[in-house]
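Protein chains: 2
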Amino acid sequence: MYKASIATENFIKAIYKGEQGNSMDTKPGTIAKELGITNAAATDMARKLAMKKLIDYEKYKELKLTPDGTKVALDVLRKHRLWETFLHQVLGLTMHEIHREAELLEHLTSDFLAEKISDFLGNPETDPHGDPIPTDDGEIPETDHSITLSMGEPGNTYKISRLSGSDKEFFDFCHSNKLEIGTSLTVQKHYIKTRMIEIEIQHTKLLLNIDLTNTIYIKKAD
Amino acid sequence: MYKASIATENFIKAIYKGEQGNSMDTKPGTIAKELGITNAAATDMARKLAMKKLIDYEKYKELKLTPDGTKVALDVLRKHRLWETFLHQVLGLTMHEIHREAELLEHLTSDFLAEKISDFLGNPETDPHGDPIPTDDGEIPETDHSITLSMGEPGNTYKISRLSGSDKEFFDFCHSNKLEIGTSLTVQKHYIKTRMIEIEIQHTKLLLNIDLTNTIYIKKAD
DNA sequence: AATTAAATTTAAGTATGCTTAAAAATATAA
DNA sequence: TTATATTTTTAAGCATACTTAAATTTAATT
Ligand SMILES: [Mn+2]
Ligand SMILES: [Mn+2]
Ligand SMILES: [Mn+2]
Ligand SMILES: [Mn+2]
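Protein chains in written order, with my numbering: chain Z, 1 to 222; chain A, 1 to 222.
So this is what it looks like as structure tokens:
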């Protein structure tokens, strides 16, 4: 299988993230900001990846992963989430610590080692954030049916299923406001103009920014 | 602290290895062969590292690590050996597997994570090969007093303390000839011309090549 | 629709880490 | 000691992954 460089892997992962979530697109500028590089560098990389058939690239259009590119993304994502699970369960690292370390380790982890970690953990389907772990042949266990909190309907009650942020601030905020995986919440109201959503959780009202609620996933309480 | 690239870390580690063991020097050609690069590339890298004050470099002389360079070497070596110990004890990887994986992971391991691993393992002083693990402030626990098997005196009996090879062949050979850490052996005779050493181990005579005995360390049985 | 703003692309340049080929220095052997 | 072989260095070049600055295209405003 094609082995990409660290820069390439991070770039492709960023495109994948943009293709999936609703919080981000796959325009070069968006990818550039995500990775902390200039727009020029992103365009440059896009041209190179297009030549390697990892993305489809038309000038001034959004970047799109090819099947080969998607395979690279899922491979790295699998290793990322296996490391997060492992570091959390075995070494007891916190939510943002596991992400920070996995962001590095994911790039120098052999398929062999990934399998060993997966076996050790009992081949888990989700990581500690609730994100699904792709299988070694690039399938995503999407028995999930969760939606982002941004999509929650007013009046309905849900359980939090995924916290897909990455930095310390995000997890600190979630923790101090009882936004934890498994906790129930009721969506109250959408404020379109101010891009806020009002929820009630643990008898407390919260007004959350859409950018935040895009990274929080919920599931109908069964 | 200065963060070196992967290529730089491997290069400096190779110099360190040459400075320590008796099996290798630190001439550019030797380092190049060790790393699988050309002599030209090694000279090139030597010039760059000299500018960064990580090595002392005089043309046509051996490469010598500065104190800063040695610090880099010990930092990477610490992470390498912590990973080897961890992967062996927790995931049950074999001797050559742990080396292969640690050779990669060592470069993308934060000081933070290294400490977590060390703590988890109870701050071990040696890795599964018997090699000492440098401390986080760059000390090597050399309470060891072991010598290479090449230095063993005829008639004396020793215990094997370290197996410092790295590839599968090496460990397969050691295993099938009972060359394991802790096993006793008696040095019989040195053959200078043919560069062989005769030993007796588990009632079996073995004739070993000097290149091999340079990577096997022994200690006077106490 | 025309103007302005923002995003994207191109161009030129830099640092890293390699390569091959040729030149220079050192080591080995006759 | 001189010739030969080996090692080391220099030189030129290439791919990756970035930068800044300028040109171009697209998007947003008036
Ligand atoms: Mn993560
Ligand atoms: Mn990463
Ligand atoms: Mn090793
Ligand atoms: Mn390495």
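Cβ atoms here follow ideal geometry from the backbone N, Cα and C, with glycine treated the same way.
All values derive from a computational prediction rather than experimental measurement.
Please list the partners that residue i has in chain A, where partner means a Cβ-to-Cβ separation under 9 Å.
i: residue 110/Z; result: 100, 101, 104
i: residue 13/Z; result: Ordered by position in chain A, no residue passes the 9 Å Cβ test against residue 13/Z, which lies about 15 Å from the chain.
i: residue 35/Z; result: Chain A residues near residue 35/Z: none, gap ~17 Å exceeds 9 Å.
i: residue 53/Z; result: The premise fails here: residue 53/Z is roughly 26 Å from chain A at the closest Cβ pair, so nothing lies under 9 Å.
In chain Z, which residues lie with their C-beta within 9 Å of the C-beta of residue i?
i: residue 145/A; result: By Cβ distance, chain Z contributes nothing, its closest Cβ being about 33 Å from residue 145/A, past 9 Å.
i: residue 77/A; result: What residue 77/A touches in chain Z: nothing, since even the nearest Cβ is about 17 Å away.
With residue i and residue j assumed to form a contact (beta carbons below 8 Å), what rounded beta-carbon distance in angstroms separates them?
i: residue 230/A; j: residue 72/A; result: For residue 230/A there is no data in the structure shown, the boundaries of chain A being 1 and 222.
i: residue 46/A; j: residue 57/A; result: 5 Å
i: residue 70/A; j: residue 16/A; result: 7 Å
i: residue 215/A; j: residue 23/A; result: 6 Å
i: residue 185/Z; j: residue 197/Z; result: Contact flag wrong, Cβ pair sits at about 10 Å.
i: residue 147/A; j: residue 163/A; result: Their Cβ separation, rounded to whole angstroms, is 14 Å, which puts residue 147/A and residue 163/A out of contact at 8 Å.
i: residue 65/A; j: residue 19/A; result: 7 Å
i: residue 177/A; j: residue 206/A; result: 6 Å
i: residue 213/A; j: residue 149/A; result: 4 Å
i: residue 138/Z; j: residue 161/Z; result: With a Cβ gap of about 22 Å, residue 138/Z and residue 161/Z do not count as contacting.
i: residue 8/Z; j: residue 62/Z; result: In fact, because the Cβ distance is near 18 Å, the residues do not count as touching under 8 Å.
i: residue 120/A; j: residue 91/Z; result: 6 Å
Within the continuous alpha helix (DSSP H) that includes residue i, where are the two ends?
i: residue 20/A; result: 6-20
i: residue 39/Z; result: 39-51
i: residue 210/A; result: 210-213
i: residue 29/Z; result: 28-35
i: residue 172/A; result: 168-176
i: residue 116/Z; result: 111-120
i: residue 98/A; result: 95-105
Which residues in chain Z sit within 8 Å of residue i, going by Cβ to Cβ distance?
i: residue 90/A; result: 90, 120
i: residue 220/A; result: By Cβ distance, chain Z contributes nothing, its closest Cβ being about 38 Å from residue 220/A, past 8 Å.
i: residue 61/A; result: Residues of chain Z passing the Cβ test: none, with the nearest at roughly 33 Å.
i: residue 168/A; result: In chain order: nothing, as chain Z lies at least about 13 Å away.
List the DSSP bridge partners of residue i.
i: residue 57/Z; result: According to DSSP, which records beta bridges pairwise, residue 57/Z is partnered with nothing at all.
i: residue 190/Z; result: 197/Z
i: residue 184/A; result: 159/A
i: residue 237/Z; result: With chain Z covering only 1 through 222, there is no way to say anything about residue 237/Z.
i: residue 223/A; result: Residue 223/A cannot be examined here, being either before or after the span of chain A that is shown, 1 to 222.
i: residue 204/Z; result: 201/Z
i: residue 126/Z; result: 132/Z
Determine the chain A residues that contact residue i at a beta-carbon separation under 7 Å, and present them in chain order.
i: residue 80/Z; result: Ordered by position in chain A, no residue passes the 7 Å Cβ test against residue 80/Z, which lies about 12 Å from the chain.
i: residue 178/Z; result: The contacting residues do not exist; residue 178/Z stays about 28 Å from chain A at best.
i: residue 163/Z; result: Result: empty, since nearest Cβ-Cβ is about 22 Å, beyond 7 Å.
i: residue 189/Z; result: Those do not exist, as residue 189/Z stays about 42 Å from chain A at its closest Cβ, beyond 7 Å.
Could you name the residues of chain A that residue i contacts, counting a contact when the two beta carbons are closer than 8 Å?
i: residue 107/Z; result: 108
Going along the chain, which residues of its own chain have a beta-carbon closer than 6 Å to the beta-carbon of residue i, five neighbours each way excluded?
i: residue 141/A; result: 125, 132
i: residue 34/A; result: 14
i: residue 49/Z; result: 55
i: residue 134/A; result: 74, 77, 78, 140
i: residue 4/A; result: 72
i: residue 29/Z; result: 39
Residues in the same chain with beta-carbon distance under 8 Å from residue i, minus the five sequence neighbours each way, listed in chain order, please.
i: residue 32/A; result: 38, 39, 41, 42
i: residue 115/Z; result: 136
i: residue 83/A; result: 98, 101, 102, 105, 106, 109, 117
i: residue 12/Z; result: 4, 49, 54, 55, 65, 69, 72, 73, 76
Can you pull the chain Z residues whose beta carbon is under 7 Å from the beta carbon of residue i, in chain order?
i: residue 113/A; result: 101
i: residue 3/A; result: By Cβ distance, chain Z contributes nothing, its closest Cβ being about 12 Å from residue 3/A, past 7 Å.
Residues in its own chain within less than 7 Å of residue i by CB, not counting five upstream and five downstream?
i: residue 88/A; result: 98, 128
i: residue 165/Z; result: 171, 215
i: residue 145/A; result: 219
i: residue 167/Z; result: 96
i: residue 221/A; result: 157, 158, 159, 184
i: residue 189/Z; result: 154, 198
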